[in-house]
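Report on the following structure.
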Amino acid sequence: MKISKIFIDQAVSKLPETISFISKLKIPSSIVTDTNQLYEIVSHSEDPVTTGKDLLFLTENKGTFLKECPGTSHYTCCGYKILHIGSFCSMDCSYCILQVYFHPPILQYYMNSKKLFDELRQHFSSKKLSRIGTGEFTDSLIWEPMSDVTEKLVVEFSKQKAAVLELKTKTVSIQALSRLPHNRKTILSWSLNTESIIQSEEKKTASLSARLKAAAECEALGYPLAFHFDPLIIYERCEKDYQEVIKKIFNHVSPENIVWISLGSFRFIPSLKPIIQKRFQQSKIIYGEFITGLDGKMRYFKPLRIQLYQKIVSYIRNFSPDILVYLCMEDDEVWKKSLGFTPSEHECKSLPRMLDQKAIQHCNLYDYIQE
Amino acid sequence: MQCKIEEIELKKIDINDNYYKITTNDEIDEISRSIHEIGIINPPVLVQDKQKFIIVSGFRRIQAAVKNNFSHIQAKTIPYPKKSIECAKIAISDNSFQRKLNLIEQASAIKLLTFFAATPKEIADIASKLNLPGNISIIEKLAIISRSDKIIQDFILSDQLSMTTALLIEKLKEKHKIPIARFIQSLHVGLNIQRELFILLTEISFRENIDLLELLTEKFITDCLNDDNPEPKQKAVQIRKLLRIRRFPELSKAESNFFNCMKKLKLDPSIKLNPPKDFESTTYSFNLFFNSYEELLECQRKLDTVIENPVMKKIIE
Chain A
5 MKISKIFIDQ AVSKLPETIS FISKLKIPSS IVTDTNQLYE IVSHSEDPVT TGKDLLFLTE
65 NKGTFLKECP GTSHYTCCGY KILHIGSFCS MDCSYCILQV YFHPPILQYY MNSKKLFDEL
125 RQHFSSKKLS RIGTGEFTDS LIWEPMSDVT EKLVVEFSKQ KAAVLELKTK TVSIQALSRL
185 PHNRKTILSW SLNTESIIQS EEKKTASLSA RLKAAAECEA LGYPLAFHFD PLIIYERCEK
245 DYQEVIKKIF NHVSPENIVW ISLGSFRFIP SLKPIIQKRF QQSKIIYGEF ITGLDGKMRY
305 FKPLRIQLYQ KIVSYIRNFS PDILVYLCME DDEVWKKSLG FTPSEHECKS LPRMLDQKAI
365 QHCNLYDYIQ E
Chain B
102 MQCKIEEIEL KKIDINDNYY KITTNDEIDE ISRSIHEIGI INPPVLVQDK QKFIIVSGFR
162 RIQAAVKNNF SHIQAKTIPY PKKSIECAKI AISDNSFQRK LNLIEQASAI KLLTFFAATP
222 KEIADIASKL NLPGNISIIE KLAIISRSDK IIQDFILSDQ LSMTTALLIE KLKEKHKIPI
282 ARFIQSLHVG LNIQRELFIL LTEISFRENI DLLELLTEKF ITDCLNDDNP EPKQKAVQIR
342 KLLRIRRFPE LSKAESNFFN CMKKLKLDPS IKLNPPKDFE STTYSFNLFF NSYEELLECQ
402 RKLDTVIENP VMKKIIE
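Going line by line, the protein sequences match chains A and B. Taking the numbering used here, the leading residue of the first sequence gets 5, the next gets one more, and so forth. Taking the numbering used here, the leading residue of the second sequence gets 102, the next gets one more, and so forth.
Right under this line is the structure:
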């Protein structure tokens, strides 16, 4: 990780978490009294995204830590809850929506973890069946080992029986997980792509084999696993390459320990296109056959998405007919043609319920209230 | 403005130095006739450069005086350094407060200011006081256009190329700029189609690893361009269609299938069937056109026939 400077919000500068965090990074730091000045440094730079990845702002989350997944209209969402531990990412994937999601884009990590855990305990006390993840606005494990929040989260989740934590990553920073009592309430999940896409589009991420090796290690530690093929990118011979990735998954881990596998084709808000053109000039991913989706995002022309989903689903089914494969942000027509059913036709009647059911089975949840 | 009015020998004026030239109008016949009849009413502004004078404003008046074989003219001489912000402001103001400058003149004025102001904000501050656009984003665009090749600037001036398209062209490699500009201007299309053609061409070229010049000389394009019959706009429609098929093959195929089915349905003009945009949703719609209750009943009857046609089922499924 290459960060040149840490800025510390005055409000968190004396917290033990902050002192511990900066002591492990050995990077120059300074206390910020006016956040706007920092935001202006990033916004007015030649390449705000790169500048935003070069600086780290340790601050407090003034809002709520637990949020509903933003999802989008017209397409089926998984009903996941986001635990907002920080924002943006030190890795540099060309397709990353976070490049245009935050204004300005800046690496932020929240130090007021007491509030986070108070909020989480309150949520646990409601016994609501829930799937909670930290990997939506950032990668779940990029701040290992500077922060102990992930460790504390794994332990906190292990003490209850109504919710699961999903740590979603492209790193292999799993060292701390080996010594934790997780009680199978934490799912370790990896975003996967083909070797060729990882090499050309996912800068500073772990290689495919390293990710799968880390997954195997987590399985050996008793953690349930999940995988996310998102974004699936269409290119010549991509189907064969995705088939290879699937083979490798099952060479490394057992299907019985996989809670779910999600598939989501590349989609992007139009304002991401000029960012990719400027920052990743060799990238061809935005020149696929995209149309404007019902939510205003660019998506592959529907038959192309369906064709790729059908292939990938069949590859997975060859290894395991029982793994829950679901589609991220797709409509009923795509579900029906790719998987043979729509979420409402499934015995669980909805995608969130399908995922809940798998979480119950794999993570031994038994003391919950299902909404 | 400090100045002296002096009689200056024309041969002491460097008429080839265009450092301060803003105007794009080189037509001097009319002004020559006027000067021939009544002389120069408003003296040009000059700044001394050693033994010579540089023109700050009044380029056409001086050209007209040369055409009329004057040996001397009355001019205002100013005591500033030969290349100075003071001279630049005079050169710009003499044009911008008299008439609305065209895009290329605005670009030249901004280019002139860039020699004396360090940041876009400083340029914007000065520009706004000189009746030029004071918006930084517009100034940055004008600065780019000021560096464009004269051919591209001429296309902009003659409204054959929009500034937006020209700015896109400026992002290309040097060897591609003029050929693409010539190709787009030759089709006589508006801004939106210009931009669409540019995007289609550059994206096909990038995606398929084909040099843009090679793409422009592919048979489907040259056949269209060399066709003597259609008007430029029809050529544009045809080229756009072919580029779109190349860029979006599967979507184009689906659209073509839909329109073939539509033909088979033989819809009456009172009924229009609308597919979902880009076939992303599953919602089709009909428009019915009628002027009376009787016509509505007639539409209903025709619609029933359409609905019963197996082609209609095929379209939806």
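For each residue, glycine too, the CB sits at the ideal point set by N, CA and C.
Check, Outcome
"Straight-line CA distance for Ile-7/A to Glu-72/A?", "30 Å"
"Can you list, in chain order, the residues of its chain whose CB lies under 6 Å from that of Phe-128/A, leaving out five sequence neighbours each side?", "Gln-164"
"Below 8 Å, how does it come out for the segment 159 to 174 of chain B and the segment 143 to 150 of chain B: are there three or more Cβ pairs, yes or no?", "yes"
"Give the DSSP-derived three-state secondary structure of Phe-235/A in the structure shown.", "Going by the sequence as given, residue 235/A is Pro instead of Phe. It is a strand residue."
"Is the beta carbon of Pro-331/B closer than 8 Å to that of Ser-287/B?", "no"
"Determine the chain B residues that contact Thr-296/A at a beta-carbon separation under 8 Å, and present them in chain order.", "Lys-378, Asp-379 and Glu-381"
"Is the CB of Leu-343/A under 8 Å away from at least one CB in chain B?", "no"
"Do Phe-121/A and Glu-160/A come within 8 Å of each other at the CB atom, strictly closer than that value?", "yes"
"With three or more C-beta pairs closer than 8 Å as the rule, is the segment 109 to 124 of chain B touching the segment 141 to 155 of chain A?", "no"
"At 7 Å on the CB atoms, spell out the chain B contacts of Tyr-291/A, in chain order.", "Glu-304, Phe-307 and Arg-308"
"Residues in its own chain within less than 6 Å of Ile-281/B by CB, not counting five upstream and five downstream?", "Ile-270"
"At 7 Å on the CB atoms, spell out the chain A contacts of Phe-349/B, in chain order.", "Glu-293"
"Establish whether the CB of Glu-50/A and some CB of chain B are separated by less than 8 Å.", "no"
"Note down, in chain order, every chain A residue with its Cβ under 8 Å from the Cβ of Leu-317/B.", "The premise fails here: Leu-317/B is roughly 18 Å from chain A at the closest Cβ pair, so nothing lies under 8 Å."
"Might you give, ordered along the chain, the residues of its own chain that have their beta carbon closer than 8 Å to the beta carbon of Asp-379/B, omitting 5 neighbours on each side?", "Leu-352"
"For Cys-3/A, which three-state DSSP category applies?", "Any answer about residue 3/A is impossible in this case: the structure gives chain A only from 5 up to 375."
"Determine, using beta carbons only, whether Glu-240/A comes closer than 8 Å to chain B.", "no"
"Output, in chain order, the set of chain B residues within a Cβ distance shorter than 7 Å of Val-331/A.", "Going by the sequence as given, residue 331/A is Leu instead of Val. In chain order: nothing, as chain B lies at least about 15 Å away."
"Taking contact to mean 3 or more Cβ pairs, one atom from each stretch, closer than 8 Å, check whether the segment 172 to 181 of chain A and the segment 205 to 216 of chain A are in contact.", "yes"
"With burial defined as no fewer than 16 other Cβ atoms inside 10 Å of the residue's Cβ, what is the status of Phe-349/B: buried or exposed?", "buried"
"Three-state secondary structure (DSSP) at Trp-415/A?", "Any answer about residue 415/A is impossible in this case: the structure gives chain A only from 5 up to 375."
"Beta carbons nearer than 8 Å to chain A: which residues of the segment 350 to 369 of chain B have them?", "Pro-350, Glu-351, Leu-352 and Ala-355"
"With distance defined between alpha-carbon atoms, name the residue in Pro-228/A, Lys-341/A, Ile-110/A and Gln-374/A nearest to Leu-308/A.", "Lys-341/A"
"For Phe-391/B, I'd like the list of residues in its chain whose CB is within less than 8 Å of its CB, leaving aside the five on either flank, ordered along the chain.", "Ser-371, Leu-397, Glu-399 and Cys-400"
"Return yes when the Cβ of Thr-125/B is within less than 8 Å of the Cβ of Leu-258/B, no when it is not.", "yes"
"Check whether the segment 54 to 67 of chain A touches the segment 8 to 25 of chain A, counting contact only when three or more Cβ pairs, one atom from each stretch, lie closer than 8 Å.", "yes"
"Determine the extent of the alpha helix (DSSP H) in which Gln-203/A is found, giving its start and end residues.", "199 to 205"
"Determine the burial state of Ala-337/B: buried for a count of at least 16 other Cβ atoms within 10 Å of its Cβ, exposed for fewer.", "buried"
"Are the beta-carbon atoms belonging to Val-158/A and Leu-145/A less than 8 Å from one another?", "no"
"Touch check for the segment 268 to 280 of chain A and the segment 355 to 375 of chain A: three-plus C-beta pairs under 8 Å?", "no"
"Within its chain, find whatever has a CB closer than 6 Å to the CB of Lys-189/A; leave out the 5 residues flanking it on each side and keep chain order.", "Phe-161, Ser-162, Val-168 and Cys-367"
"Confirm the yes/no value for this check: CB of Gly-137/A, any heavy atom of the ligand PLP, distance under 7 Å.", "Although the ligand PLP was asked about, the structure shown includes no ligands whatsoever."
"With distances taken between CB atoms, is the gap from Val-338/A to Leu-331/A smaller than 8 Å?", "yes"
"My understanding is that Cys-82/A touches Leu-355/A, with C-beta atoms under 8 Å, so please give their C-beta distance in whole angstroms.", "5 Å"
"Starting from the C-beta of Cys-352/A, find all residues in its chain whose C-beta is less than 6 Å away, skip the five residues before and the five after it, and write them out in chain order.", "Met-358 and Gln-361"
"Along the alpha helix (DSSP H) that carries Ser-266/A, what are the first and last residues, could you check?", "Premise fails: Ser-266/A lies in the beta strand (DSSP E), 262 to 269, not in any alpha helix (DSSP H)."
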